[in-house]
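A.B. asks: Residue 321 is where the sequence shown starts when you use our numbering, and the numbers rise one by one after that.
Pasting a structure below so you can have a look.
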Amino acid sequence: ASMTLLAFALLNRPAWAGVALVAAAGVGFYPIFMTPAWVGFYWRDRRALASFLAACTVASVLLLTFVYQTSRPHGDQSRLQTFVSDTLGHHTDPDGYGRSPFGFWGQQTGWRAWLQEPLAGSSPMASPLWLAFFALLLLAGLVTPGRDPAALALVLGAVALGATLVKPHATGTYLTWYYGLLLLGFGLPRFTWGHKKL
């Protein structure tokens, strides 16, 4: 959560914000979902957008190369299969940690169970819950162009809150993912800096 706040603090330095956002995703996966909102925020300033995207790309390649090179194959899986299953699978499969009875999905019956059932295949990312989350990410990218940092903080907080709801274990208990962003969004004074609101 602190790396995400650092990325937000670097908002007027798009390249550094991109590096910090990728570092935040490297520490805890969920900030990667914030990318559409950041892209939307920089959308009207093509130079800032290009700087942000270039920095994200370079930082992502470096981070993924490091993680891949330090990964080892497990069992009968190749290194790549292990890498994918231990990153994506780790965060989307309830068998990894189990389900917390204290999370939103802990009692999973009725409509809550249906929301988690894949509509096609076996990937949890094909469930109605994940599809709704992907729609939220698209909306986040569409509503942030031309907005001020306080609005971006609120959108980022909503994305982080949404990420806690698709996480199968201890869902809803990751308060630090969104709390700081919501505090900034509701408490950040609105003032202008240069030609942009910042």
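For every residue, glycine included, the Cβ atom is placed at its ideal position computed from N, Cα and C.
1. Assuming contact is defined by CB atoms lying nearer than 9 Å, are A357 and G461 in contact in what I supplied?
2. If we count the other Cβ atoms within 10 Å of its Cβ and call it buried at 16 or more, is Y498 buried or exposed?
3. How would you call L439, buried or exposed, if buried means at least 16 neighbouring beta carbons within 10 angstroms?
4. Once DSSP output is grouped into helix, strand and coil, what is the label at S371?
5. With a threshold of 16 other CB atoms inside 10 Å of the CB of L476, please say whether the residue is buried or exposed.
6. Between the segment 330-338 and the segment 359-373, do three or more beta carbon pairs fall short of 8 Å?
7. Using only the alpha-carbon positions, how far apart do F403 and T385 sit?
8. S380 by DSSP, collapsed to three states: which one?
9. Are V486 and W450 close, meaning C-beta to C-beta below 9 Å?
10. Comparing alpha-carbon positions, which option in R399, V387, T496 lies nearest L481?
11. Tell me the rounded alpha-carbon separation between L501 and A473.
12. Just curious, the alpha helix (DSSP H) that P356 is in, first and last residue?
C.D. replies: From the atom records:
1. In the sequence shown, the residue the question calls residue 357 occupies position 37. In the sequence shown, the residue the question calls residue 461 occupies position 141. Yes, they are a contact pair.
2. Here residue 498 refers to the residue found at position 178 when the sequence shown is read from its first residue. Counting Cβ neighbours within 10 Å, Y498 comes out buried, since at least 16 surround it.
3. As a first step, residue 439 is located in the sequence shown; it is residue number 119 there, counting from the start. Flag for L439 reads exposed.
4. Here residue 371 corresponds to residue number 51 of the sequence shown, with the count starting at 1. It is helical.
5. Locating residue 476 in the sequence shown gives position 156, where the first residue counts as 1. Classification of L476: buried, given that the 10 Å Cβ count is 16 or more.
6. yes
7. Taking the sequence shown and counting its residues from 1, the one referred to as residue 403 is at position 83. Taking the sequence shown and counting its residues from 1, the one referred to as residue 385 is at position 65. Going from the Cα of F403 to the Cα of T385 covers about 11 Å.
8. The residue given as residue 380 occupies position 60 in the sequence shown. The answer is helix: DSSP assigns S380 an H, G or I state.
9. Reading the sequence shown from its first residue, position 166 is the one you call residue 486. Reading the sequence shown from its first residue, position 130 is the one you call residue 450. In contact: V486 and W450 (Cβ atoms closer than 9 Å).
10. Here the question's residue 481 lines up with position 161 in the sequence shown. Looking at the Cα atoms, T496 is the closest of the given residues.
11. Translated into positions along the sequence shown, residue 501 becomes position 181. Translated into positions along the sequence shown, residue 473 becomes position 153. Going by the C-alpha atoms only, they are around 5 Å apart.
12. As a working note, residue 356 is residue 36 in the sequence shown. Run containing P356: 355-362, per the alpha helix (DSSP H) assignment.
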